[in-house]
Structures are given as C-alpha cells and as structure tokens.
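Residue numbers (my numbering), protein chains in the order written: chain A, 15 to 207; chain B, 15 to 207. Working notes, beginning with the structure itself.
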DNA sequence: GACGTTCCATACCGATCGGTATAGAACGAT
DNA sequence: ATCGTTCTATACCGATCGGTATGGAACGTC
C-alpha cells in the first residue's frame, strides 16, 4: 500500500557504492550521491537512513560483490595458491575497466577529518578481519607442513595484505592491470614454497 | 618596518605539516589549521596565501625533512642496499613515535572530492618522480651488472614503491615499527641479489 | 610624536555541508 | 469516491566550509 517508489533501491545502492569507491567517504557529498543515484534527498534519507548508514550498506555490498574472491581463495589447497589468488583477486577488482580505480576500503581508510572517526574505525576493523582470517589460514598451512616450520603466518598475512594495499594505491593512481600483475609476480617470490 | 609578526612562520608551517599528515588535505579545515598553528585566519592567509599554497609548502617541507633519506639511499653502491634503505627509511618515517602515522603523500593520494583535483594530481606526480628516479637507479645497476640481465628495473621500482605505499596504509592503521620491519624483510626476499 | 606600514582580532561573506519539514502526488483498500 | 499510507519535490534548517573586509595595535622612521 502507499505510493510505490519510483527507483530501484538496489540500483541506487550500486551507484552510491561506485561514488564512494571513486571519491571516498568524505569526498562524496550528499549532492554527489543524489545526483549519481538519480533520487532526491528525502528518498535517500527515507530509504537508507543517512550518509553513514548508506556507506555501511555500500561497504557490505562491496564486500559481497567484489571481495568474495577473498573467502574462496582461502579454501585453496596450499598456502601459495591462497596468497596468489588473493593478490590476483585484489588486482582484478582494483584494475577492472568498468570499476572505479583502487579499493573502496583502502580509499576510505586514509586519515580523514575527525567527523568520520567511526567510519575510519570500521574500515580498519574490516581490514583486520581479512588479515586475521588469512593468518589463521597460514597457521593451518604451517601445521599441515604446507609452510616451513620457521615461517611466521601472521607476518606472511600482513605481507600479503600490505602488497594488496600498495597495489590499491597504485591502481587509484592510474597504474594498468598488466603492470600490477607483474608486481604480484615479484611479490610472490618472497612467499615460501 | 611595520609591526613584527608574533609567531614563527617555520613553527607554524611545521604544525600545518603535521595536521595535513594526520588528517589529509581535505580532512584538515582552516579552523583545524589556525588552531593547531596558533595563529588567526588573516595571519594564515597573509603569510601562506591560501590553503592550497600552504599545503604545497608543507609538502615541500615534508619532502625535505622526512623524505631526504630517499635521495641519499639512491647513492648506495648496490641496488639491494638502495632498495632496503628506501624501504627502511619509509618505515622509519611512517612509524616514528613523534610523527603522525603513515605517509603524508599517501594519506593525501587517495581519491577525494573533485575540488581537490589539483592537489591529487600533484601528489601522484610526486610519487611518479620518486618511482622514476628509482627505476633509473636500477637501470644503472643493471648496466653495471649489479642486477641480473633479465630483471626489469621499472617493475622493481614499482614493487618497492608499492610496498612502501602498503606499509604507509598499515602504519596509518596503527601497525607498529617492528611488525613493519619484518614486512620489509619479507619483501626484500623478492629482490634480486 | 606623527606617520606609513605591517600584523592581529573580530566580524562577516557566499557557498556548501548533512539533514529535515512541508506539501502534494500516486497508490491500495474500502 | 474517499481515505490512510507512502512516496517525491521543494524549500528550508543550523553549522561549517574556504576566504576576506575592517579597525585597531605595534613597530621603524622621520
């Protein structure tokens, strides 16, 4: 009952996601959002609550639609394939032609004004979740003899995540996919096995 | 002649530098700046022109006072020492207790609002300058037989800069120096020699 | 000590920020 | 046809953005 909304909420959220991805959280204004999503301010607030809630929904959608490779990569049989698939997956997302450059999470992770402290905390937390899951996967690999006994799973996980974050900066600065692929190949030389 | 200014322009610029370092370009407001620098708005505009000029002066000071290691590292005798010194130098600056976390350049390098496009271009350009200088140094190393004949100096330079940018993200997310040191050690395993 | 100059304090500028109040338009139910 | 509900359009809110105009205070010079 009541008047049906004239826009598709899913399409609108996707548009918001891409704006946040390209311009960061604070770099994207409400006007940017309403223009890009093709809706008015009352529609935005009525449907998505406010800017912060909208960003969190966009972040969730981003993780579901663009970072899914991460969790399937964890299921690869050996640690080296896990690491390679994760790096390749990040680079693919970061350098996809039809996507904005870089990584939404890293783009929003930078130090910003005090007003967005909660967003910053969430972002850092999301990175940590991934990093810890990867560390646990490498611990298992070490137990299974897949990684050397003297290797440090936590350090290796941090290394992979750091390279991924570095490639995100490169990609949002305009680096091409092939160049970043070669980067991944170099980084993988550091990886045991 | 005229009334002497009541503040030290150098101290004020240093304060501005640290604010931009911690909060990025757009995350730092004029009020943040005047508060942190301990001066009034007319003093700021009279002495430094405007926000953008102030940022450029802070950037220049940053490169002189915190990135000087980069250019001296290029003068190290072999490519491996060059690479290691650069990574260590970045990490030192990024994780110095008395400094804000991360790297001013990387913190300002992410995508941000359209208003700061010129700043963004400058930042990307500064990164490219360093990366190209490093690539030239590695080309020399290759000619001198210091790097293998099949190595790609440009790719190696991009790899080192990418790791440095990744460590900046880590450091601005609160990673400690020792952890990031171990990261550098892992990354250096990828480096020839 | 009057003067030109330079700096500082305050108050102000238009524009934009995130967010909302109000009123009308479009529906299903009756 | 009318009513309650839910959407949209417009206009508006106080706060803050980067930047400036104005008026007086502190100097060197004469």
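Just so it is clear, CB atoms sit at the ideal spot from N, CA and C, and this is done for glycine as well. If you're wondering where the values come from, they're calculated on a predicted model, not measured in any experiment.
Taking 8 Å as the cut-off, decide whether the C-beta atoms of residue i and residue j are in contact.
i                      : j                      : result
residue 104 of chain B : residue 197 of chain A : no
residue 149 of chain A : residue 168 of chain A : yes
residue 82 of chain A  : residue 27 of chain A  : no
residue 121 of chain B : residue 35 of chain B  : yes
residue 101 of chain A : residue 178 of chain A : yes
residue 96 of chain B  : residue 140 of chain B : no
residue 126 of chain B : residue 193 of chain B : no
residue 203 of chain B : residue 55 of chain A  : no
residue 176 of chain A : residue 184 of chain B : yes
residue 199 of chain A : residue 93 of chain A  : no
residue 138 of chain A : residue 187 of chain B : yes
Quick one, which of the options has its alpha-carbon nearest residue i's?
i                      : options                   : result
residue 119 of chain A : A:83, A:26, A:108         : A:108
residue 69 of chain B  : B:47, B:56, B:53, B:60    : B:47
residue 182 of chain A : A:42, A:38, A:115         : A:115
residue 76 of chain A  : A:33, A:94, A:15          : A:33
residue 42 of chain A  : B:161, B:134, B:44, B:129 : B:129
residue 79 of chain A  : A:201, A:31, A:134        : A:31
residue 136 of chain A : A:44, A:113, A:67, A:45   : A:67
residue 38 of chain A  : A:195, A:201, A:117       : A:117
Since residue i meets chain A, which of its residues come closer than 7 Å, beta carbon to beta carbon?
i                      : result
residue 133 of chain B : Neighbours of residue 133 of chain B on chain A: none; closest Cβ ~12 Å, over 7 Å.
Using the beta-carbon of each residue, which ones in chain A are nearer than 8 Å to residue i?
i                      : result
residue 126 of chain B : 37, 38, 40, 41
residue 138 of chain B : 187, 188
Could you give the distance in angstroms between the alpha-carbon of residue i and the alpha-carbon of residue j?
i                      : j                      : result
residue 50 of chain B  : residue 90 of chain A  : 51 Å
residue 166 of chain B : residue 206 of chain B : 11 Å
residue 53 of chain A  : residue 22 of chain A  : 10 Å
residue 20 of chain A  : residue 59 of chain A  : 15 Å
residue 74 of chain A  : residue 123 of chain B : 24 Å
residue 214 of chain A : residue 85 of chain A  : Any property of residue 214 of chain A remains undetermined from this structure, which presents chain A solely from 15 to 207.
residue 180 of chain B : residue 18 of chain B  : 45 Å
residue 87 of chain A  : residue 98 of chain A  : 9 Å
residue 171 of chain B : residue 62 of chain B  : 35 Å
residue 25 of chain B  : residue 158 of chain B : 45 Å
residue 134 of chain A : residue 15 of chain A  : 39 Å
residue 163 of chain B : residue 155 of chain B : 10 Å
residue 111 of chain A : residue 191 of chain A : 9 Å
residue 195 of chain A : residue 29 of chain A  : 28 Å
residue 45 of chain A  : residue 65 of chain B  : 24 Å
residue 147 of chain A : residue 147 of chain B : 37 Å
residue 113 of chain A : residue 57 of chain A  : 26 Å
residue 201 of chain B : residue 201 of chain A : 7 Å
Along chain B, in chain order, which residues have C-beta atoms closer than 8 Å to that of residue i?
i                      : result
residue 197 of chain A : 169, 172, 173, 176
residue 141 of chain A : 187
residue 96 of chain A  : None at all; the shortest Cβ gap to chain B is about 16 Å.
Quick one: list the residues of chain A neighbouring residue i, beta-carbon separation under 9 Å, in chain order.
i                      : result
residue 201 of chain B : 173, 176, 177, 201, 204
residue 181 of chain B : 176, 179, 180
Residues of chain B with a CB under 7 Å from the CB of residue i: which are they?
i                      : result
residue 123 of chain A : 183, 187
residue 193 of chain A : 172
List the residues of chain B that residue i touches, going by C-beta distances under 9 Å, in chain order.
i                      : result
residue 153 of chain A : Neighbours of residue 153 of chain A on chain B: none; closest Cβ ~16 Å, over 9 Å.
residue 158 of chain A : Those within 9 Å of residue 158 of chain A in chain B number zero; the least Cβ separation is about 21 Å.
Can you find a heavy atom of the ligand HEM that lies under 7 Å from the Cβ of residue i?
i                     : result
residue 91 of chain A : Although the ligand HEM was asked about, the structure shown includes no ligands whatsoever.
- Task: Counting only runs of 3+ residues fully inside the segment 47-95 of chain A, write out the beta strand (DSSP E) ranges in chain order.
- Result: none
- Query: Whole alpha helix (DSSP H) runs in the segment 92-128 of chain A with 4 or more residues, listed along the chain?
  - Reply: 93-109, 118-123
- Message: So within the segment 118-185 of chain A, which uninterrupted alpha helix (DSSP H) runs reach at least 4 residues, ignoring any that extend past its ends?
- Response: 118-123, 131-157
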